[in-house]
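Numbering (my numbering), first residue to last: 87 to 295. Even glycine gets a Cβ: it sits at the ideal position worked out from N, Cα and C. All values derive from a computational prediction rather than experimental measurement. Everything on this sheet refers to the single structure shown next.
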C-alpha cells in the first residue's frame, strides 16, 4: 500500500516510497515451503498417519504466520519526501516516526556481504532532538537511499535560503528598519517558515549591518 497522499503537507512531494526488501518475507516463506515439501514426500510413503495430521496443523500455523508477515510488509513504508523522512508501519495499530530534513545531521548505511548480494541493508539517521539516532532495517538499495536523502537535504536547505532571501528583500524594499525586519523574521520563525538555523543566520546578518 502506498503512503497516503492526504498525509502530505502543502507543497510537499514524495521522492521515495519503499516497502521493506523482499528478504523481510523470505525466512517465513521458506519455512512454509519446507513443510509443504515434507507433506508431499510423506503422503506418498508409509508414514504414521498421525504424522500427517501434525504436518497439516503445522502447515496451517506457518501459513498464518507468513500471512501476518505479509500484512506487515504491505503496511510498512519508508518514505522520503521533499521535507522529511517518514517510517510508518502497522495494520490495525499504526506507529511511526517523522524526521524533518533540516534536523538531520548524519545519514549512513550498513551492508553485510549477503546484504550487498541481494541489495538490502540498514539505514541510520542521526538527528537533533530527543530521538538521537534512528535505525531502519531491511531497506532496499540503502546506498541509493542515503544519496537521495542527502540530495533532498541540500534542496531543502536551498529552499530555506531562498525564503530567507525573499524575506530580507521584502524588508528592504518596504523600507523597514532592522528592528522591524527582526520582528518579521521572528514571526516567520514562529510560524515554521524558517528553521532555527535560517533564523539565526539572518538575525546575525541584520544585527551586523
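Let's see if you can read the secondary structure: which residues bound the alpha helix (DSSP H) around residue 202?
Segment 199-204, the alpha helix (DSSP H) holding residue 202.
If you drop the 5 nearest sequence neighbours on each side, which residues of the same chain put their C-beta closer than 7 Å to that of residue 93?
There are no such residues.
In angstroms with no decimal places, state the Cα-to-Cα distance between residue 188 and residue 156.
Near 34 Å, if we compare the C-alpha coordinates of residue 156 and residue 188.
Bounding residues of the alpha helix (DSSP H) (the contiguous stretch that carries residue 96)
Following the DSSP letters along the chain, one finds residue 96 in no alpha helix (DSSP H), marked with neither H nor E.
Considering only DSSP beta bridges, list what residue 173 is partnered with.
Looking at the DSSP output, residue 173 bridges to 164 and 183.
In three-state terms, what does DSSP make of residue 142?
DSSP, reduced to helix, strand and coil, places residue 142 within a helical segment of the structure shown.
For the candidate residues 138, 105 and 271, whose alpha-carbon lies nearest to that of residue 207?
Distances from the CA of residue 207 to each of 138, 105 and 271 were compared; the closest alpha carbon is that of 105.
Near residue 186, which residues of its chain fall below 7 Å by C-beta distance, leaving aside the five closest residues on each side in sequence?
Once the five neighbours on either side are set aside, the close Cβ partners of residue 186 are 169 and 170.
At least 3 beta-carbon pairs within less than 8 Å: the region 190-210 vs the region 115-129:
The region 190-210 is not in contact with the region 115-129.
Could you say which of 179, 199, 145 and 184 lies nearest to residue 161 if we only look at CA atoms?
Comparing Cα-Cα distances from residue 161 to each of 179, 199, 145 and 184, the minimum goes to 179.
Just to check, is the beta-carbon of residue 143 closer than 7 Å to a non-hydrogen atom of the ligand NAD?
Absence of the ligand NAD from the depicted structure is noted, as is the absence of any ligand whatsoever, leaving it without description.
Hey, out of 268, 281 and 274, whose CA is closest to residue 290's CA?
Comparing Cα positions, the closest option is 268.
Mind checking residue 226: buried by the 16 CB within 10 Å criterion, or exposed?
Around the beta carbon of residue 226, 16 or more other beta carbons lie within 10 angstroms, which makes this residue buried.
Using a 10 Å radius around the Cβ and a threshold of 16 neighbouring Cβ atoms, would you call residue 209 buried or exposed?
Buried, because 16 or more other Cβ atoms sit within 10 Å of the Cβ of residue 209.
Indicate the three-state DSSP secondary structure (helix, strand or coil) for residue 128 in the structure shown.
For residue 128, the three-state secondary structure derived from DSSP is helix.
Nearest neighbour of residue 125, chosen from 183, 114 and 139 [CA to CA]
Closest option to residue 125, Cα to Cα, is 139.
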